[in-house]
Each structure stands twice: as structure tokens, then as C-alpha cells.
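2 protein chains.
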Amino acid sequence: MSQEANSGYKDEALSAITKAGCQVGDVIRVTSKEKTYEGILIPRSETADSAHIVLKLKSGYNVGVHITPEIKIEKIGRGTKPSFASPPLPEQKPGLPKAVILSTGGTIASRVDYRTGAVRSALSASDLYGVVPELSDIARVETEIVFSIYSENLTQKHWTQLAQTVAEHIKKGSEGVVIAHGTDTMAYTAAALSFALQSLPVPVILVGAQRSSDRPSSDAATNLIAAVQAATRGPFAEVGLAMHETLSDTVIAVCRGTKVRKCHTSRRDTFKPVNATPLARVENNEVTMLTDDYQKRDAAKNLVLKPEFSEAVALVKFHPGLDPTVIDWHVERGCKGILLEGSGLGHVSKFCFDSISNAVTNGVVVALASQCIWGRVNMNVYDTGRDLLVRGVIPLEDMFPETALVKLMWVLGQTSDPEKAKKLLKTNVAGEFSPRTLPQELGAKGDELNGN
Amino acid sequence: MSQEANSGYKDEALSAITKAGCQVGDVIRVTSKEKTYEGILIPRSETADSAHIVLKLKSGYNVGVHITPEIKIEKIGRGTKPSFASPPLPEQKPGLPKAVILSTGGTIASRVDYRTGAVRSALSASDLYGVVPELSDIARVETEIVFSIYSENLTQKHWTQLAQTVAEHIKKGSEGVVIAHGTDTMAYTAAALSFALQSLPVPVILVGAQRSSDRPSSDAATNLIAAVQAATRGPFAEVGLAMHETLSDTVIAVCRGTKVRKCHTSRRDTFKPVNATPLARVENNEVTMLTDDYQKRDAAKNLVLKPEFSEAVALVKFHPGLDPTVIDWHVERGCKGILLEGSGLGHVSKFCFDSISNAVTNGVVVALASQCIWGRVNMNVYDTGRDLLVRGVIPLEDMFPETALVKLMWVLGQTSDPEKAKKLLKTNVAGEFSPRTLPQELGAKGDELNGN
Numbered sequence: 001m002s003q004e005a006n007s008g009y010k011d012e013a014l015s016a017i018t019k020a021g022c023q024v025g026d027v028i029r030v031t032s033k034e035k036t037y038e039g040i041l042i043p044r045s046e047t048a049d050s051a052h053i054v055l056k057l058k059s060g061y062n063v064g065v066h067i068t069p070e071i072k073i074e075k076i077g078r079g080t081k082p083s084f085a086s087p088p089l090p091e092q093k094p095g096l097p098k099a100v101i102l103s104t105g106g107t108i109a110s111r112v113d114y115r116t117g118a119v120r121s122a123l124s125a126s127d128l129y130g131v132v133p134e135l136s137d138i139a140r141v142e143t144e145i146v147f148s149i150y151s152e153n154l155t156q157k158h159w160t161q162l163a164q165t166v167a168e169h170i171k172k173g174s175e176g177v178v179i180a181h182g183t184d185t186m187a188y189t190a191a192a193l194s195f196a197l198q199s200l201p202v203p204v205i206l207v208g209a210q211r212s213s214d215r216p217s218s219d220a221a222t223n224l225i226a227a228v229q230a231a232t233r234g235p236f237a238e239v240g241l242a243m244h245e246t247l248s249d250t251v252i253a254v255c256r257g258t259k260v261r262k263c264h265t266s267r268r269d270t271f272k273p274v275n276a277t278p279l280a281r282v283e284n285n286e287v288t289m290l291t292d293d294y295q296k297r298d299a300a301k302n303l304v305l306k307p308e309f310s311e312a313v314a315l316v317k318f319h320p321g322l323d324p325t326v327i328d329w330h331v332e333r334g335c336k337g338i339l340l341e342g343s344g345l346g347h348v349s350k351f352c353f354d355s356i357s358n359a360v361t362n363g364v365v366v367a368l369a370s371q372c373i374w375g376r377v378n379m380n381v382y383d384t385g386r387d388l389l390v391r392g393v394i395p396l397e398d399m400f401p402e403t404a405l406v407k408l409m410w411v412l413g414q415t416s417d418p419e420k421a422k423k424l425l426k427t428n429v430a431g432e433f434s435p436r437t438l439p440q441e442l443g444a445k446g447d448e449l450n451g452n
Numbered sequence: 001m002s003q004e005a006n007s008g009y010k011d012e013a014l015s016a017i018t019k020a021g022c023q024v025g026d027v028i029r030v031t032s033k034e035k036t037y038e039g040i041l042i043p044r045s046e047t048a049d050s051a052h053i054v055l056k057l058k059s060g061y062n063v064g065v066h067i068t069p070e071i072k073i074e075k076i077g078r079g080t081k082p083s084f085a086s087p088p089l090p091e092q093k094p095g096l097p098k099a100v101i102l103s104t105g106g107t108i109a110s111r112v113d114y115r116t117g118a119v120r121s122a123l124s125a126s127d128l129y130g131v132v133p134e135l136s137d138i139a140r141v142e143t144e145i146v147f148s149i150y151s152e153n154l155t156q157k158h159w160t161q162l163a164q165t166v167a168e169h170i171k172k173g174s175e176g177v178v179i180a181h182g183t184d185t186m187a188y189t190a191a192a193l194s195f196a197l198q199s200l201p202v203p204v205i206l207v208g209a210q211r212s213s214d215r216p217s218s219d220a221a222t223n224l225i226a227a228v229q230a231a232t233r234g235p236f237a238e239v240g241l242a243m244h245e246t247l248s249d250t251v252i253a254v255c256r257g258t259k260v261r262k263c264h265t266s267r268r269d270t271f272k273p274v275n276a277t278p279l280a281r282v283e284n285n286e287v288t289m290l291t292d293d294y295q296k297r298d299a300a301k302n303l304v305l306k307p308e309f310s311e312a313v314a315l316v317k318f319h320p321g322l323d324p325t326v327i328d329w330h331v332e333r334g335c336k337g338i339l340l341e342g343s344g345l346g347h348v349s350k351f352c353f354d355s356i357s358n359a360v361t362n363g364v365v366v367a368l369a370s371q372c373i374w375g376r377v378n379m380n381v382y383d384t385g386r387d388l389l390v391r392g393v394i395p396l397e398d399m400f401p402e403t404a405l406v407k408l409m410w411v412l413g414q415t416s417d418p419e420k421a422k423k424l425l426k427t428n429v430a431g432e433f434s435p436r437t438l439p440q441e442l443g444a445k446g447d448e449l450n451g452n
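If you're matching them up, the sequences are chains R and Z in order.
At position 254 of the first sequence (counting the first as 1) the number is 254 in our numbering, and the numbers step up by one without a gap.
At position 337 of the second sequence (counting the first as 1) the number is 337 in our numbering, and the numbers step up by one without a gap.
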């Protein structure tokens, strides 16, 4: 049995499954003193430890079993072995718009219920296209694997590379760009690309899946189809994020990249617009705009690429008992920007005031967004807010903390001058600030959490 | 003009208003080169700077005006001078239950639109009672000012003192406890008291206001009345938080102290239950339970007071580009517990793995909750989660980060033994863990954000 057939396993795990005559894809039974599991032996990533094997259970969930000398492993059947060969590409239909699907990794790029950093076991974008043949009726799709890593391991450098790749495809004539992305940090990347890709001629749509495509409840195919529709048929030209709007499989919302947040660990409608309505809805193969306030698609526009992000930016979330010296430490480490995640209308405790003054004196840009997530900071209502304004803290209106953090990283990637940075931070670059609504207008929104 | 009449003003601000013959409560006009403001001159807190005066505008909002030699100040009328004398207490009606209102500060304890650390300008709990005479038909209310400070300045020490004060009043025969609190950190305090006050015989209800009681849209009175009703008539004996359930002024929800979060900067329905329904609803003077799963009121129960909280606990919110050495720094500073606010089902980047291992090796309890807020962590689904479990990270199920942080502070206030701490962290002490729901049950919840 070659090591290749037991992808990712090594040392004691490899030796145990080899001894039992099993390979990846087999249905096996694992018996320990306490428990018996039956399921398909699935591959592991290259970085996994060597003490566990992983079974995909009938329930669709995976379980890791610790290999000990007492564990008994039996092969009880032959599963569908995961195939890594790309299916043949469907015929490209002339007359359809030209789209590109860029793949970065994540659940949407995984046919079995795991994500992996190993290129071998990730589906390529071309596989995605192959397994969702409906796409060939929507667009002439080109594909490219940009990365194949868990989204929690993406950094500012990856945002830069991704923005550059999008720009290249748009320059080559793509009429819509789709990015398959892990959902964990997809909203951060959506915000990053919103700032990095300005004056877009066509839509750039991020898409992910909360359930992998081998599970009956998978949202991978419906999300991807809607994303390609929005990218190629949407009349807007902004960075959007396409995912289930509700638990229904027929309605996909496209939210503005700067106004969307992952709000549930597992639900398919996990991405919620914050202080905004979605940009558009995709339903019954139709793209419907939900707002008049958007940048129009226009092939004649010249994309402006500003892909640099600073790595010297920190997030400090305020909470009772916060040690304010963490702010001093960030300043000593050479931090150029600090995003305070304040409470309520924009407050932190008075114990932080000296450290904040010290940061500002040292040329650090200190900005504040509210940990409430929804609503708008107003630092003129209470003393604490005014005390922070006097100390030079920049209030970030109705931006929620994650978008605010990404914007601060982007701003300090554009300029190292604190005054220029503050000015740019307060400029509405990509719809990150919504118009101010009057307090009395709130009533109309009923009990939805998403009012402004 | 005495300094007392111009409460809180000093140096140049005091001299400017004295020269203009104005005092706190006067309607004044302030004219600068750019702008003219008219409004009531309101007091400032003792910690305020001396360069500004503050006007309450007709809109109900306050504005701070920087005093410069060019500024012109005129008295144009006499406003209602804020009165700090307590109105007479209404007659105590025999036969009604005995309740206590503890006051800690915050908007609910402020008749003008500011909060202050100065005791003089805060309303006492007895004032609260006086201005809401309806209370005398509900209960025989006793009042006590415990603190009078902005809620963002409360720390673990205040939680301890507050828990001790609640316990004293219950021992003295209070049949319901109400705590008036600033909304910024009210959910943190609610969680803290939930852990500190075990085996409660009667309800303990936190209550706040998003709009101060001198504004027509104030929620102060309705929230306070509902809180006293829930505290004295509710059949449950837990720590709850009573605020507007919707934008309607007639429906107040009481949420469990460990399952509630401030989710909007300004709306009156800002507090949302997370991964739970509210415990009870107060409407038309009736308290209705919304769940069967609660601790029953029972005067015979002996309150168990465990009011200690550790100060050596840090929150590290994961984000792309997080500098993992911040974890090492917390360990070097003597931190005993770290709450990771991970992404999705419970992930942080692989760049943090070494620092996390180092923390655990040094006896630090490292636990994880999801920044999604809603849903449940499941660190067995993906490699990253399993990699963190192997390194000793404790997954905190469906607790959201703020409650998880407070629990970690409380746990490390009970024991310094990491193994005992981990065990206590995983024990359901105050309803902070909800029962696990099956994935297929999610569908029934429709598009509400608050499904489990």
C-alpha cells in the first residue's frame, strides 16, 4: 500500500491503517474499549498530527480517533474513493459572458467534509466548475487556484496577491469575478478587496459554503451558481459576498463587502448585512437590486488597484478589567494603528486614557468602532466619548469593528503620515459609511436587528 | 456666583460662564466665528476638562463648546434648573412584596442627557422611585446607591461588591432585587452576577435605559417598572436583564444574565438573547415565562455567594494579521486565563499555535468562544479545531465571547489550579450552556438571527 493512497497519514496512524489493510476511501470500523465508530477513512492534511485517523460518519460529520495499541481497525466495505481527477470541462457556449472563478480554499472547495492546506486534496476551481454543470449555461468560465489554504491562515499578503490576481483577470476581459473562499474570514477579505479594488468596471463576488458539497444540506452549488449570476449579470460593479439570505435554498443575498459579517458558526444564512440592506438578491435565476445606491457596471471604467495593507495594526477589544498596558505594548512593538472595539456609543474605561494619549503622541492612529456591531458610534453624547475625542481618537461612525480594522490596515498601507491616514480613514471609500439616519426613523424597522 | 451653582466647571470654563452671569440651568446662547448654539447650560462631571462648557440642545442632545477668547456667551432665559433634592417617598402600601433598587449609575440614573461620576449630579435610587410613582403600586421599594459611575469604568472589584450587596439585601428579606445599571457593560455585569450568586431564592434583575428620562422617547420608566414587576412577581430565581424586547414601549423582555448581549449602539431594543429565548416577557403588568427551563423562586433556598473574580484574564480576538506574540506577552505579564475569540466553528491561525502551546505549558487556561456570537463552536470538524484541542484549548460550546470571558474571570477567582479551573469552566453553572440542538432543527427558526 503506497503512502499516496493513504494521503496525509504518517507514523503510527499510517502503520495502523496499513496493518489493517485499509486505505483512504474504505468503509472501516474502529473499536476501542469505550466506543465503536463506522465510517469512511478520509485523508488528512499534511500538517495533521500522526496520532489520529479521521472517519467521515454517516451523519456527515467527521470524527478523529486516537490510535492506541488497544484500538482495533477493520475494513468493512469500499466507499466512494475521493477522486482528485478533474471531470472534463463542459463545452463553452459562445455568446455567454466571460467569468473567472478564483479558488482560495475553504469548505466550498472541498468535496469531503474537511478543509486542507494540501493542494492534492483540495478541489481545483475547474473541479468546482465540473461538478456544477449549470454554470455552463450562465457564463464561459475560466478558473484559477490562487491559494488552497484555510481562510483563518490568510493574511494581509494574501489580500494583496488576491487583489492583484482579480485586477489581472479584469484587464484580460473578465466580465465578472467570483472568489471561492473559506467562510471564517471571508468578510475580512471582502472588506479588504473593497478598499483595494477601486473604480471597478465589473462585480467581484466572494462565495463560500457552510456545508461541504458531499452533504445533502450543502449550500456550495446554489451559492456558487448565484455568485456567477451576480458577477456576470449584476448591474453593479462592487465587491459583494453571496450566501444564503435565509435558510431557504432558493434565495441568495449579495451583501456589500464592507457591510457584511459572519454571525453564526454553522447556519447557511450566517452572513448578515450590518447597518445596510443587501445590495442584491439572486432568486429564480434573476438578479434584483435591493438599493439604488450602488456603483454601476461599466466596462469603460479603469480599475484602480491599491493592494497594500499594513501589518502594524492591532485590535484592542475593550471589556471590564482590560489591562490598558496592552496598548502601550502595541505602541512599543511599532504598531502604527490601533482599532479600539469600544462599548456602546463609543467608550472605553478611563483607565485606558493615558495609554491612548501616549499612543497618539507617538504618531499611532487610534480609531474606534462599537462592539455592539449594529448602530453608529456617537462620541459627543457622554463625557467618556468626548474625553476620547479630545485625546485624538477617530470615531468610525457605523462601521463595525472587523471592517474598521481592515480599513485601518489598508489606510496605513497607503500612507505613513498619521494626518493623511486619519483623513483617508474618515473618507467613504467603498460604502463603509452609510448615510446617517435620524433616530425617529428607527421605529419603522420593526424588531429586525439590522436597522441602522 | 458660587462654584456650587456651576457644578463641575473650573478654570477658564468657570470664569467664562461667571463673567457672562450664567449658571447651570440657564438657557444660554454661545456664538463663535463658525456657529451659534442655544441650549441649557448643564453640569459637568468632576473629571471633565476645563476647556469646554456643555449645552443641552433642544434636540435633546448635548454639545460641548470649546472656550476660546473669541467665544461670546449670553444668558437668554431661565431653564428648568436640575434639582437634586429627592421628591418625598410615596406611602408604602402594606401587603406588597418587598423589593430593593440598587443604583450603580448610567443613563437610567440620570435626568439630564449625560452620565457622570460625580455623586451630586446623579439621581439616587430614591429619586428614581420618586419620579416613577407607579412603583408604589407594585412593591414596597427600598433603595441604595452602590456606586454612581459610568458602566465602562466598572471592574471585577465592583462586581464583587455588587454581588455582596445583593446578598445582604436578600438575607434581609428582599423578595426581589433590581439593579439600575449603565447599558454599556450591563451584560458583562449580568453574567458576573449570574456566576457569583448561586442558588438564588428570588430574582435579581438588571435594568438600564438607552434614552435618559428627560427625553420624550425615554425607556427609563417602562424598563424600571417592568424590572420591579419581574423581580417581585416573576416565578423564577435567576439573574435577568430587563429591557425593551422590540421598539414597542409595552413589551419588556427579561433575558438570562449569561445569554444576553448589547447589539445596537442606540436602539431601545439593543439587548438581544443569544442562543436562547428570553426567560420571560413583561406586558400589561403581567410576567409571562417563555421557557420551562428555569430556576424556581423559593424563599427557603440558601443563597450561595461566590463573588471573587480574577484580574489576570485577557481577551485575544483573532483576526487576519493578529500578532501572536500578544499571547506570549500576556503569559509573561502573569495572565492565568486567556479567552480566544476565534473565527467560525472555533479557529485561529496556525501562526498562533506555538504561543498557545507555550501558554498552556505555563499553566494558563486557554479557552475559545466564537466571534460569530451566534451558534456553537465545534472544534472536531476541521483540522484547525482539532489542532487547538490537542494543544489544550477548551471549547466553550454556545457561550458567546463576553460571557465566556466573565466566566473565565470567575472560574479563576474560585481556584488557581488549572485542572480544577478547566473542569469548572465546562460545568453549566448559570445556564450559560444551552442544550445542543440538532442541525435539522435549525430550519424551524426561519430567518431570525437568534437560532441556536
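Ideal Cβ positions, reconstructed from N, Cα and C, are used throughout, including at glycine.
As assigned by DSSP and simplified to three states, the class of residue i
{"i": "Pro395/R", "result": "strand"}
{"i": "Gly342/R", "result": "strand"}
{"i": "Met379/R", "result": "coil"}
{"i": "Ser2/Z", "result": "Per-residue confidence for Ser2/Z stands at a pLDDT of 39, beneath the threshold of 50, marking its modelled position as unreliable; the derived number appears in the next sentence. Looking at Ser2/Z - three-state DSSP - the assignment turns out to be coil, as it is neither helix nor strand."}
{"i": "Phe271/R", "result": "strand"}
{"i": "Phe236/Z", "result": "strand"}
{"i": "Tyr37/Z", "result": "strand"}
{"i": "Glu245/R", "result": "coil"}
{"i": "Gly257/R", "result": "coil"}
{"i": "His314/R", "result": "The question names His, but residue 314/R is Ala in the sequence shown. In the structure shown, Ala314/R sits in a strand (DSSP, three-state: E or B)."}
{"i": "His264/Z", "result": "strand"}
{"i": "Ile170/R", "result": "helix"}
{"i": "Lys461/Z", "result": "The question about residue 461/Z has no answer, for chain Z in this structure spans 1 to 452."}
{"i": "Val429/R", "result": "coil"}
{"i": "Leu322/R", "result": "coil"}
{"i": "Ser103/R", "result": "strand"}
Bridge partners - residue i, DSSP secondary structure assignment
{"i": "Gln198/Z", "result": "Val304/Z"}
{"i": "Gly28/R", "result": "Correcting the residue identity first, residue 28/R is Ile in this sequence and not Gly. For Ile28/R, which the question treats as bridged, DSSP gives the partners Gly39/R, Lys75/R."}
{"i": "Gly64/R", "result": "Val54/R"}
{"i": "Leu206/Z", "result": "Ile179/Z, Leu241/Z"}
{"i": "Thr288/Z", "result": "Arg281/Z"}
{"i": "His347/R", "result": "Ser343/R"}
{"i": "Trp374/R", "result": "His264/Z"}
Minimum Cβ-Cβ distance from residue i to chain Z less than 8 Å
{"i": "His264/R", "result": "yes"}
{"i": "Ile53/R", "result": "no"}
{"i": "Ala314/R", "result": "yes"}
{"i": "Asp11/R", "result": "no"}
is_contact[residue i, chain R] using C-beta, thresh 8 Å
{"i": "Asn283/Z", "result": "The sequence shown places Glu at residue 283/Z, not Asn. Glu283/Z does not count as touching chain R."}
{"i": "Asp184/Z", "result": "yes"}
{"i": "Trp329/Z", "result": "yes"}
{"i": "Val207/Z", "result": "no"}
{"i": "Gly453/Z", "result": "Nothing about residue 453/Z can be reported from this structure: the residues present for chain Z run from 1 to 452 only."}
{"i": "Pro97/Z", "result": "no"}
{"i": "Trp410/Z", "result": "no"}
I'd like to know if the region 218-238 of chain Z and the region 317-331 of chain Z are in contact, where contact means that at least 3 CB-CB pairs between them fall below 8 Å.
no
Within 8 Å, do at least three Cβ pairs link the region 327-343 of chain R to the region 406-423 of chain R?
yes
Taking one C-beta from the region 234-244 of chain Z and one from the region 342-355 of chain R each time, how about it: are there three or more such pairs within less than 8 Å?
no
Unbroken beta strand (DSSP E) runs of length 3 or more, entirely within the region 132-160 of chain R: which are they?
140-145
Determine contact between the region 275-292 of chain Z and the region 298-310 of chain R, defined as no fewer than three beta-carbon pairs at a distance below 8 Å.
no
Mind the definition here: the region 385-403 of chain Z touches the region 169-178 of chain Z only if three or more C-beta pairs lie below 8 Å; say whether that holds.
no
Does the structure place the region 135-146 of chain R close enough to the region 266-274 of chain R that three or more beta carbon pairs sit under 8 Å?
no
So does the region 151-167 of chain R actually touch the region 188-204 of chain R, counting three or more Cβ pairs closer than 8 Å?
yes
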